[in-house]
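Asker:
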Amino acid sequence: GIAYITGMSEVADENNFIVIYPDGLNFGWNYVRGSAYFNDVGDHNDTQFLRALIDDLSLDLNLDRSRGYVTGFSNGGFMTHRLACETPDLFAAFAPIAGSLYQGSEDVCAESQVPVPVLFIHGTEDESIPWNGTRVQTQLGGQVIVSASVPEYIAFWTRYNGCNIEDGGEYELLPNQEDEDITSTQFRRFGDCTGRGAIDVYLIENGGHTWPGRPVLSDVLGATSMDFNASEVIWEFFAEHSLSVE
Numbered sequence: 021g022i023a024y025i026t027g028m029s030e031v032a033d034e035n036n037f038i039v040i041y042p043d044g045l046n047f048g049w050n051y052v053r054g055s056a057y058f059n060d061v062g063d064h065n066d067t068q069f070l071r072a073l074i075d076d077l078s079l080d081l082n083l084d085r086s087r088g089y090v091t092g093f094s095n096g097g098f099m100t101h102r103l104a105c106e107t108p109d110l111f112a113a114f115a116p117i118a119g120s121l122y123q124g125s126e127d128v129c130a131e132s133q134v135p136v137p138v139l140f141i142h143g144t145e146d147e148s149i150p151w152n153g154t155r156v157q158t159q160l161g162g163q164v165i166v167s168a169s170v171p172e173y174i175a176f177w178t179r180y181n182g183c184n185i186e187d188g189g190e191y192e193l194l195p196n197q198e199d200e201d202i203t204s205t206q207f208r209r210f211g212d213c214t215g216r217g218a219i220d221v222y223l224i225e226n227g228g229h230t231w232p233g234r235p236v237l238s239d240v241l242g243a244t245s246m247d248f249n250a251s252e253v254i255w256e257f258f259a260e261h262s263l264s265v266e
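Residues 21 to 266 (our numbering) make up the sequence shown, in order.
1. Got a sec, what are the start and stop residues for the alpha helix (DSSP H) G96 sits in?
2. From the DSSP output, which residues share a beta bridge with Q123?
3. Is E34 helix, strand or coil when you go by DSSP?
4. Quick check on DSSP: helix, strand or coil for G149?
5. Give the C-beta separation of L13 and T203 to the nearest angstrom, bearing in mind that I take them to be a contact with Cβ-Cβ under 8 Å.
6. How is the beta strand (DSSP E) around S268 delimited, first residue to last?
7. In three-state DSSP terms, what is F207?
8. For A113, I'd like the list of residues in its chain whose CB is within less than 6 Å of its CB, leaving aside the five on either flank, ordered along the chain.
9. Around the Cβ of Q308, are there at least 16 other Cβ atoms within 10 angstroms (buried) or fewer (exposed)?
10. Applying the criterion that 16 or more other CB atoms from any shown protein chain within 10 Å of the CB defines a buried residue, is G161 buried or exposed?
11. Taking the alpha helix (DSSP H) that E256 falls in, what are its first and last residues?
12. Would you list the residues sitting across from H229 in a DSSP beta bridge?
13. Just list the residues that DSSP pairs H142 with in beta bridges.
14. Could you tell me the boundaries of the beta strand (DSSP E) in which V156 lies?
15. Rounded to the nearest angstrom, what separates V128 and F176 at their Cα positions?
Set out below in structure tokens:
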């Protein structure tokens, strides 16, 4: 399904990299593992699973372990946020698409504090993972963050990566590629981050819960931006980064 939605295999063929589409249990990833606020999802460790998967594939494929990358969409986007904190030694860059942070994410990330390259894409009209986030009331009158807002998770990652948000960079409007396209895309690259830290952001005005450049299920999930191909820009971002490994 995600291979069809993203068209990433075509980009892999053109650029000579291996693309892997793993399945999570029950069609999802356990990105909230260990959270005190989400205790009904089981304790299976998908981070451990992905580490084991890469090790196993390395037995049969000639993988460059300094150039491993991970991207994910929606539920996979949440998992990619978590992996950016938990696996800076395994993957060189991360791209969570239409995914967010949740209550407890900062606790997971506090254990690492290793700046990493991350790329974000999110639509303002995403009804599945809303731009303004999702919060639920608790029985004690408090709130639990099911998904942080887009400005909140961008602010988190600029802090985490030690980026200088006053470096003069601003969002720029990408050229509109279709006359009937109702979306518009703003792009910003945050510079002057700590260590390997880097951040690229694509914000899609009127964009839905979709993969830019691939108008799949737009009638159900909202408008798809055709101003850029998400799979291509993700690969371009990934290709800029590598790890120093044995």
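Where is the CB? At the ideal position from N, CA and C, for every residue including glycine.
Answerer: By the coordinates alone:
1. Along the sequence shown, read from residue 1 onward, the residue named residue 96 stands at position 76. Where G96 is concerned, the enclosing alpha helix (DSSP H) stretches over N95 to E106.
2. Start at 1 with the first residue of the sequence shown, and residue 123 comes out as number 103. Q123 is not bridged to any residue.
3. Position 14 of the sequence shown holds residue 34. In this structure, E34 counts as helix in the three-state DSSP scheme.
4. Here residue 149 is taken as the residue at index 129 of the sequence shown, counted from 1. A small fix is needed here, since residue 149 is Ile in this sequence, not Gly. Reduced to three states, the DSSP call for I149 is coil.
5. Residue coverage of the chain in this structure runs from 21 to 266, which leaves residue 13 outside it and unanswerable.
6. Nothing can be reported for residue 268: it is not among the residues displayed for the chain, which extend from 21 to 266.
7. Position 187 of the sequence shown, counting from 1, holds the residue named residue 207. DSSP places F207 in strand when its eight states are reduced to three.
8. Position 93 of the sequence shown, counted from the start, is the residue given in the question as residue 113. Hits under 6 Å: Y89, P137, F258 and H261.
9. This structure leaves residue 308 out entirely; the chain is present only between 21 and 266.
10. Position 141 of the sequence shown, counted from the first residue, corresponds to residue 161. Classification for G161: exposed.
11. Position 236 of the sequence shown, counted from the start, is the residue given in the question as residue 256. Its alpha helix (DSSP H) spans residues A250 to F258.
12. The count along the sequence shown starts at 1 and reaches residue 229 at position 209. In the DSSP output, where bridge partners are listed per residue, H229 has none listed.
13. Residue numbering aside, residue 142 sits at position 122 when the sequence shown is read from its first letter. The partner list for H142 (beta bridge, DSSP) reads L223.
14. Sequence index remark: in the sequence shown, residue 156 carries index 136 (1-based). V156 -> beta strand (DSSP E) spans T154 to Q157.
15. Here the question's residue 128 lines up with position 108 in the sequence shown. Here the question's residue 176 lines up with position 156 in the sequence shown. Looking at the two C-alpha atoms, the distance is approximately 13 Å.
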